[in-house]
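K.L.:
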Amino acid sequence: MNETIASDELGLAAEAPAELSYTRRIEDLPGPKGQPFVGNALQLSGRQMHQKFTAWVREFGPMFRLQVFGHTIVIVSDAATAHGVMRERPDGFRRNGGLKQVMNELHIGGVFTAEGAAWRKQRKLVMSGLNAEVIRNFFPKMVTLTERMLERWKAAVAEGRAVDLRRDLKAMALDTIVGIAMGHDIDAVNHDGDPLQRDIDNMFQRLGNRTTAAFPYWRYFKLPVDRAAERSFADIEGRVVEFIRHTRERMEQQRELQRKPANMLEAMIAASEDPESEFTDEELVANAILSVIGGEDTTANSIAWMLCLLAQNPAAATALAAEVDQVLGTAPLPREWEQMKAFSYLEAAHSETQRLKAVAPYLGLTANADCVVADTFIPKNTAIIVATAGEGRDEAQFPGHERFRPERWIAEMRDPEEEDPSRKLFPFGGGARLCPGRFLALTEIKVVVAMIMRNFELEPDPKAPPAKELLNFFMAPSSVPVRLKLRVPPVGEGH
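Residue numbering for the sequence shown follows the working numbering, starting at -15 and increasing by one per position.
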């Protein structure tokens, strides 16, 4: 690749680095004062690191710098600049090396950490298993999984038992991703303490701690929690390898699956057995593991945060329930694919949730060449952190930004003076490396949230601890302080 990245919007040019046009350098940017030797490292450790970024954006503006053990990091939150940076991936910017190293140490890289030609090859295969046709074919199974959780919740509420929403939403997301990615039904919803879910939680705990650690101690000595994480990975890998073996056996018996794979794993196996694909068994296993791990946490956390916000904002919950009633009629949950297009207020509630509670609050990148970003000279190999919540907490961009107001995302309902907010946030990333599971996640969110709003009322649970933001690689609520109450009158059983 040319040593200089080209992009009109970013101000990147095709000249030699000395000829780049800019008016400031990184040292001209503002930033928080650090400590000798460590810089800002100690301020960035811990599970609330994303909140520190938000506070610094308010204090120093949309672009500032940090120092961590002598290394410079540039933070970008301006939406236009951030979009431009993400559009330059993978050629202009690559995944942050520290994150890539941590993920590869835990053997969960795959397409997420791949770059260049390796990324293009793996991305094509992963997308083949997550395209609209595959998700549409899986939709009836998703409905069945959701109905199974509905019956569990109705029984619990009828018996006066509390519903552990955080646990059940993670189990439902795991059932869904294992179903569409692996073609297996593990029924984690109805099996408390599923070992796969436990191992995934353990992996995310280690991943979160390592990516926010001030010093990578585990490369020099292992604590019990690190050895436990290694055992968790071995268990996850063993489970996935078993899924792969069963799938290969099924594909041997049903040769038509080579031509028309029904799930993500079948698509990857079919591609890996093509002599021209150069897709290795190691890449197959890594991406299969990544799909299971990555597909469980983000969707469950998004729904959990939405329920917390809806319970705190009854007017929005009432508006959403009214839309769901109109779309579903007397059915207890969505059963028709075409209904997915009819939930405009639900989509708006999801966007508003991501504005306030982004489950992937930042994206770590590294410049592949000297370039100019927002009139600032960025040397090759400089680390850049993009705040994916963009300008979501900026009062000038989102008036009344502290309020949960889905109406701001609906053209006919927002105030005339408000701009279209859709390009001010990027919860699924952007550019060529847009999250491949975006369509699946949005479909699952619609089905599950519509089921909840159709059958239950949401009430804040005063006995539960408040939901705190915890960063375990993704940003999760520490609890879901919401109680479910059966809606009256009772919901009919289909139409």
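Even for Gly, the Cβ is constructed at its ideal location relative to N, Cα and C.
(1) Compare the Cα-Cα distances from L180 to each of G313, V162, A197 and report the closest residue.
(2) Quick one: what does DSSP say P444 is sitting in, helix, strand or coil?
(3) Where does the unbroken beta strand (DSSP E) through P461 begin, and where does it stop?
(4) How far does the beta strand (DSSP E) with H55 in it reach, from first residue to last?
(5) May I have the straight-line CA-CA distance separating E386 from E99, to the nearest angstrom?
(6) Is A367 helix, strand or coil when you go by DSSP?
(7) Under DSSP, the beta strand (DSSP E) around A351 begins and ends at which residues?
(8) Assign P318 to buried or exposed, taking buried as 16 or more other Cβ atoms, counted over all protein chains shown, within 10 Å of its Cβ.
(9) Can the beta-carbon of T283 be found less than 9 angstroms from the beta-carbon of I57?
(10) Which residue from R417, P444, V464 puts its Cα closest to that of R104?
(11) By the 10 Å Cβ neighbour count, where 16 or more other Cβ atoms means buried, how is Y201 classified, buried or exposed?
(12) Is the number of C-beta pairs between the region 289 to 302 and the region 400 to 410 that are closer than 8 angstroms three or more?
(13) Per DSSP, K108 is paired with what?
(14) Quick one: what's got a C-beta closer than 6 angstroms to A434's C-beta in the same chain, skipping five residues either side?
(15) DSSP state of I362, grouped into three classes?
(16) Could you work out which residue in A358, G384, G348 is closest to R78 when comparing CA atoms only?
(17) Would you identify the three-state DSSP class for R215, choosing helix, strand or coil?
(18) Helix, strand or coil: which one does DSSP assign to M486?
(19) According to DSSP, what are the bridge partners of G421?
(20) Using only the alpha-carbon positions, how far apart do A270 and P420 sit?
(21) Answer yes or no: do E381 and P405 have a C-beta to C-beta separation smaller than 9 angstroms?
(22) Going by alpha carbons, who is nearest to H55 out of A64, P20, F37?
(23) Would T280 and L158 be called neighbours here (beta carbons separated by less than 9 angstroms)?
(24) Give the DSSP-derived three-state secondary structure of K452 in the structure shown.
(25) Going by DSSP, name the residue or residues bridged to K36.
(26) Apart from the five residues on each side of it in sequence, which residues of its chain come closer than 7 angstroms, Cβ to Cβ, to A448?
(27) Cα-Cα, which of I170, R211, H168 is closest to Q189?
(28) Which of helix, strand or coil does DSSP assign to D178?
(29) How about the region 38 to 54 and the region 11 to 30: do they share at least three Cβ pairs that are nearer than 8 angstroms?
(30) Return the first residue and the last residue of the alpha helix (DSSP H) that M70 is part of.
(31) If you draw a straight line from the alpha carbon of V357 to that of V69, how long is it in whole angstroms?
(32) Starting from the Cα of F53, find the closest Cα among H91, R182, S29, A332 and give me that residue.
(33) Answer yes or no: do V86 and T195 have a C-beta to C-beta separation smaller than 9 angstroms?
(34) Classify R339: buried if its beta carbon has 16 or more other beta carbons within 10 angstroms, exposed otherwise.
(35) Does the contact criterion of 3 or more C-beta pairs under 8 angstroms hold for the region 243 to 250 versus the region 160 to 175?
(36) How would you label G76, buried or exposed, when you count the other beta carbons within 10 angstroms and need 16 or more for buried?
P.N.:
In short, the structure shows the following:
(1) V162
(2) strand
(3) 458 to 461
(4) 55 to 60
(5) 38 angstroms
(6) strand
(7) 346 to 351
(8) buried
(9) no
(10) R417
(11) exposed
(12) no
(13) Its beta-bridge partners do not exist; DSSP assigns none.
(14) V308, P318
(15) strand
(16) G348
(17) helix
(18) In this structure the chain extends from -15 to 479, so residue 486 is not present and cannot be described.
(19) Note: G421 sits in no beta bridge, so no partner.
(20) 15 angstroms
(21) Looking at the sequence itself, residue 381 is Gln, so the reference to Glu does not match. Cβ distance < 9 angstroms, so Q381 and P405 count as in contact.
(22) P20
(23) Per the sequence shown, the amino acid found at residue 280 is Glu instead of Thr. Yes, the pair counts as a contact, with Cβ atoms nearer than the cut-off.
(24) coil
(25) K36 pairs with nothing; no bridge assigned.
(26) S463, P465
(27) R211
(28) coil
(29) yes
(30) 63 to 71
(31) 8 angstroms
(32) S29
(33) yes
(34) buried
(35) yes
(36) buried
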